[in-house]
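There are 2 protein chains.
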Amino acid sequence: MPEEPTVGLVLGSKEPRERKARSQSEVAKRRAKRTDKPRIKDIAEQLGVSVATVSRALNDKPGVADDLRRRVIEMAAELDFTPNMAARSLNGARTGAVAFVVHQHGIPVANDQFYFVMLRAVERALSKHGYHVMIATVGERADGRNEELRLVSERRVDGVILAGPDINSSLALSAIQHGLPVVLVDNALERTPSDSVVCDNRDGARAAVEHLLFHGHERIAFVGGPTTWLSTRERRAGYEDAMREAGLETMVIHEEATTVTTGMAAGRKLVGVPHTLLPPSAVFAVNDAMALGVMRAAREAGCRVPGDLAVVGFDDIDMAEISDPPLTTVRIAKELMGELAARQLLELIHTERQLPVKSVVATTLVVRMSCGCAAK
Amino acid sequence: MPEEPTVGLVLGSKEPRERKARSQSEVAKRRAKRTDKPRIKDIAEQLGVSVATVSRALNDKPGVADDLRRRVIEMAAELDFTPNMAARSLNGARTGAVAFVVHQHGIPVANDQFYFVMLRAVERALSKHGYHVMIATVGERADGRNEELRLVSERRVDGVILAGPDINSSLALSAIQHGLPVVLVDNALERTPSDSVVCDNRDGARAAVEHLLFHGHERIAFVGGPTTWLSTRERRAGYEDAMREAGLETMVIHEEATTVTTGMAAGRKLVGVPHTLLPPSAVFAVNDAMALGVMRAAREAGCRVPGDLAVVGFDDIDMAEISDPPLTTVRIAKELMGELAARQLLELIHTERQLPVKSVVATTLVVRMSCGCAAK
DNA sequence: AGTTTCTACGTAACCGTTTACGTGATTTTT
DNA sequence: AAAAATCACGTAAACGGTTACGTAGAAACT
Chain V
86 MPEEPTVGLV
96 LGSKEPRERK
106 ARSQSEVAKR
116 RAKRTDKPRI
126 KDIAEQLGVS
136 VATVSRALND
146 KPGVADDLRR
156 RVIEMAAELD
166 FTPNMAARSL
176 NGARTGAVAF
186 VVHQHGIPVA
196 NDQFYFVMLR
206 AVERALSKHG
216 YHVMIATVGE
226 RADGRNEELR
236 LVSERRVDGV
246 ILAGPDINSS
256 LALSAIQHGL
266 PVVLVDNALE
276 RTPSDSVVCD
286 NRDGARAAVE
296 HLLFHGHERI
306 AFVGGPTTWL
316 STRERRAGYE
326 DAMREAGLET
336 MVIHEEATTV
346 TTGMAAGRKL
356 VGVPHTLLPP
366 SAVFAVNDAM
376 ALGVMRAARE
386 AGCRVPGDLA
396 VVGFDDIDMA
406 EISDPPLTTV
416 RIAKELMGEL
426 AARQLLELIH
436 TERQLPVKSV
446 VATTLVVRMS
456 CGCAAK
Chain G
86 MPEEPTVGLV
96 LGSKEPRERK
106 ARSQSEVAKR
116 RAKRTDKPRI
126 KDIAEQLGVS
136 VATVSRALND
146 KPGVADDLRR
156 RVIEMAAELD
166 FTPNMAARSL
176 NGARTGAVAF
186 VVHQHGIPVA
196 NDQFYFVMLR
206 AVERALSKHG
216 YHVMIATVGE
226 RADGRNEELR
236 LVSERRVDGV
246 ILAGPDINSS
256 LALSAIQHGL
266 PVVLVDNALE
276 RTPSDSVVCD
286 NRDGARAAVE
296 HLLFHGHERI
306 AFVGGPTTWL
316 STRERRAGYE
326 DAMREAGLET
336 MVIHEEATTV
346 TTGMAAGRKL
356 VGVPHTLLPP
366 SAVFAVNDAM
376 ALGVMRAARE
386 AGCRVPGDLA
396 VVGFDDIDMA
406 EISDPPLTTV
416 RIAKELMGEL
426 AARQLLELIH
436 TERQLPVKSV
446 VATTLVVRMS
456 CGCAAK
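Residue numbers (the working numbering), protein chains in the order written: chain V, 86 to 461; chain G, 86 to 461.
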């Protein structure tokens, strides 16, 4: 008769989960815990030191002998160690990521590219310093006006870059209240002092208009977006500076957005102006998208560009160069602005600078065909 | 004489940092630990339950009475609680973020916008499900060919979306080896089966070429990018399908990139073709950027579009509509593709589907002016 | 009525790092 | 040479969640 095997089912053992390794010197080749990703502990065991020392060595903290520090770094490289950022950031240390926030327009047109270029410049600059970029688009105010950034409240990022003209200032405030560094790009807050990177809108606009003036234009119209947008206001100011100096009347049109479509709308208003009024001979548009729209509307109305109407834009998006006629415009150094924003944010993260800094980068007038000066 | 206050400086108390709260019922209003951010513990204390229960309640895990679960959720809302994702992901649970990887071209031109639109669609779809998007641009192979995604090795993301034609397949492999779900967009891997979202390149190209054929063109050239790019290969196949059916000869030009510049180069080759050969009467370009380049080169060579040369593109980027003449092109539903990619990735993350799925979305021929059929 | 199975919850280990604190072994100070 | 300061390192407590396991009480079976 076969013996029954004694099936011993032991539940609830005294010490749950091998509480502590009996000896910690014999555990040399402890491999493959959950995943085979090397942890800081693995480095420590290989070298026979404590995890604290390894952490200090890797983070350039004092209190580690130079020789040991070197060995730790070598071992880390050998094991192909990359720190688990979740664990690191849990202690309130840096998360190694920043947020890039851009407003989600209803009808995003050409100037999208503007922000994408910046985004990439930001990413490139930050990744050099080991940072990652999380993107967030903030929606229309309609649905949830309280619009707090989840990225911020979830503690995912060390800083925030806010791009675009209609950044809700409450957005910036909420980040600042969380104690996070904030840098605005292509915008700046009115009341709240904060870091920002802009281009010299006013000067660029003035240069563009002065170029038109120099070539004999006297009736120059301004086409812009909402007056709440800083870029529109500043560029209009530059336009007015130039016109005032020349002793000329201004003609101003504001649309609710700065797209090709609204540019066309503005263009139609300008060329279809009542006969009692003289139509403008030139238009300075607040950005290239609108300028292209104006050109298109003019063409559709049988008005030749630049023959009957000279057009100048702002931004120098890719399309400006290949449009017909190629668009004269004010070039913004988008990559530089993105890079500056990244650098300023890093500085804010790593130091305790209190006073905000506003970087303003110069612009360049790029003369192509649409202003007509080459033909004149 | 004033009594000296007994200044008791106690160092090294027996129990470091209040080891355990003596009683845990009296600690009702324990506020402001480090930051005032509410933790799961705060909710638990307010309700007099354990943190485990709160965690279960908030994560829809079983084992919580319906009534209590409701109260937990209410309290979480009242305290404005948002989970600390670092802590959550430390256990190997989800990180709540995915990576969007796009190759960083040397000279990024027009078709940038293509990926930006997708990126935004992805972000919108994923944020609805509480996910964040981290962007990563992978550089030229030159510097570090081993190109492993830090985002992946740092355990920051639950999945990866790889966009663009020249995604290094080793990139995908490395992510897959880490056990991460991967979805390719606008591309697909040859050997390695994996999820992907593409548009019907072949069919779209065939439709475009057939449109030209229908309007009488017989000498139709194909202009594309590197033959290693799937999109170029497939669109060329569609082009060849149509030409073969019509019994016509093919004319093919491949450039090393698909930009406006390379499009111009191709355009010059076509219009400057030796006189012994008949120049093409129409061009099908592999994307809009190249098509715009072809148009520009043609115009510079005194060749009218569409009069002397009909041009059709692919993608339907914003510029296509506002170019002169407006570009006839094959529209890709970029938003839809981004959304599909997001959905597929979520599915991969949340389920254990093994078999890869390839989504192919149909294209639409958008007839504008550059093909000349309206004028014919 | 006694035994088993659920159900709902509490307890505490655990994830991988950082860091306050403790401790011997040196070095510096008086 | 004894005392004090410094240095190099180890110990273990956080950080804020998730989750395996334990356990009362209620419900469902004999």
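From the three backbone atoms N, C-alpha and C, an ideal C-beta is built for every residue, glycine too.
Owing to the predicted nature of the structure, the values given are computational and were not obtained by experimental measurement.
CA-to-CA, the gap between V:Asp-400 and V:Thr-448 works out to about 9 Å.
For G:Pro-250, there are no neighbours in chain V by C-beta distance under 8 Å, as the nearest C-beta there is about 17 Å away. By the beta-carbon neighbour count (other beta carbons within 10 angstroms, threshold 16), G:His-435 is exposed. Taking 8 Å as the CB threshold, G:Thr-343 stays off the interface with chain V. Taking C-alpha positions only, G:Ile-220 is separated from V:Leu-164 by approximately 27 Å. Using beta-carbon distances, V:Thr-180 counts as an interface residue toward chain G, with a partner under 8 Å. Per DSSP, G:Ile-338 is one residue of the beta strand (DSSP E) stretching across 336-339.
Contact annotation: the region 131-138 of chain G does not touch the region 134-141 of chain V, with fewer than three C-beta pairs closer than 8 Å. If you draw a 10 Å sphere on the C-beta of V:Lys-443, you find fewer than 16 other C-beta atoms in it, and that means exposed.
A residue is called buried when at least 16 other Cβ atoms come within 10 angstroms of its Cβ; G:Pro-147 does not meet this threshold and is exposed. The beta carbon of V:Thr-449 sits no closer than 8 Å to any beta carbon of chain G.
Using a Cβ-Cβ cut-off of 8 Å, G:Ser-255 is close to nothing in chain V; its nearest Cβ partner there is about 16 Å away.
Put simply, the region 162-179 of chain G does not touch the region 379-395 of chain G. Fewer than three CB pairs are less than 8 Å apart.
Put simply, the backbone Cα of V:Glu-233 is about 6 Å away from that of V:Leu-256. Sequence-distant Cβ neighbours of V:Ala-248 in its own chain, meaning closer than 7 Å and more than five residues away, are Phe-185, Val-186, Val-187, Tyr-200, Met-203, Val-270 and Asp-271. With a beta-carbon spacing of about 6 Å, G:Leu-377 and G:Gly-348 fall inside the 8 Å limit used to define contacts.
For the region 375-387 of chain G, the set of positions with a beta-carbon nearer than 9 Å to some beta-carbon of chain V reads Leu-377, Gly-378, Met-380, Arg-381 and Arg-384 in chain order.
In this structure, G:Val-371 lies near G:Thr-343, with their beta-carbon atoms less than 8 Å apart.
With a threshold of 8 Å between beta carbons, V:Ser-140 makes no contact with chain G. Within the region 234-315 of chain V, the alpha helix (DSSP H) runs of at least 4 residues that lie entirely inside it are, in chain order, 235-238, 254-262 and 286-299. Within chain G, no C-beta atom comes less than 8 Å from the C-beta of V:Ile-125; the nearest is roughly 13 Å away. Straight through space, the alpha carbons of G:Arg-179 and V:Lys-122 are spaced by roughly 17 Å. The shortest C-alpha to C-alpha distance from G:Glu-424 to any of G:Leu-211, G:Val-183 and G:Arg-173 is the one to G:Leu-211.
Interface annotation, G:Thr-335: not in contact with chain V, CB-CB separation never under 8 Å.
Rounded to whole angstroms, the gap between the alpha carbons of V:Leu-274 and G:Gly-392 is 52 Å.
Where G:Asp-400 is concerned, there is no enclosing alpha helix (DSSP H), although the beta strand (DSSP E) around it starts and stops at 395-400.
In chain order, Ile-305, Ala-367, Phe-369, Ala-395, Val-397 and Cys-456 place their CB closer than 8 Å to the CB of G:Leu-297, counting only its own chain and leaving out the 5 sequence neighbours on each side.
When DSSP states are grouped into helix, strand and coil, V:Phe-166 belongs to the coil group. In this structure, the straight-line span from the alpha carbon of G:Arg-291 to that of G:Glu-325 is close to 8 Å. By the neighbour-count definition (other C-beta atoms within 10 Å, threshold 16), V:Pro-266 is a buried residue.
Annotation: the continuous alpha helix (DSSP H) that includes V:Ser-140 extends over 136-143. For V:Met-160, the three-state secondary structure derived from DSSP is helix. Relative to G:Ala-162, the option among G:Ala-172, G:Asn-176, G:Ala-142 and G:Gly-181 whose CA is nearest is G:Ala-142. Interface criterion met: the Cβ of G:Ile-220 is under 8 Å from a Cβ in chain V. Within the region 142-173 of chain G, the residues whose Cβ lies closer than 9 Å to any Cβ of chain V are, in chain order, Asp-165, Thr-167, Pro-168, Asn-169, Met-170, Ala-171, Ala-172 and Arg-173. For V:Thr-449, there is no enclosing alpha helix (DSSP H); the residue is part of the beta strand (DSSP E) that begins and ends at 449-451.
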